[in-house]
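**Q** Residue numbers (the working numbering): 5 to 59.
Yeah, the Cβ is synthetic: ideal placement off N, Cα and C, and Gly gets one too.
From a predicted model like this one, the values you see are computed outputs, not experimental measurements.
Mind having a look at this structure? Questions to follow.
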Amino acid sequence: MLDALLAAEQLPEEYQDRCQDILCNDCGTKGKSRFHWLYHKCNSCGSYNTRVIKI
Numbered sequence: 005m006l007d008a009l010l011a012a013e014q015l016p017e018e019y020q021d022r023c024q025d026i027l028c029n030d031c032g033t034k035g036k037s038r039f040h041w042l043y044h045k046c047n048s049c050g051s052y053n054t055r056v057i058k059i
């Protein structure tokens, strides 16, 4: 459901190429995710239970 929402959402141009460093609260993996106001998907396990650790 969140995947479809994010795919349909168009961010302002100045944010489209930005990434954020995230930490997954489910698998403990650190990684990068495309910028979003609320949702950040873990590239390792696919969970959205993440937190931003660096913008």
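Mind reading off the beta-carbon distance from residue 54 to residue 28? Whole number of angstroms is fine, and I expect it under 8 Å.
**A** Their Cβ separation, rounded to whole angstroms, is 5 Å, which keeps residue 54 and residue 28 in contact under 8 Å.
**Q** Would DSSP call residue 42 helix, strand or coil?
**A** It is coil, neither helix nor strand.
**Q** By the DSSP assignment, the beta strand (DSSP E) with residue 27 in it spans what residues?
**A** Start and end: 23 to 28.
**Q** Let me confirm a value: residue 45 is counted as buried when at least 16 other C-beta atoms fall within 10 Å, else exposed. Which label applies?
**A** The residue in question, residue 45, is buried, as its Cβ has 16 or more Cβ neighbours within 10 Å.
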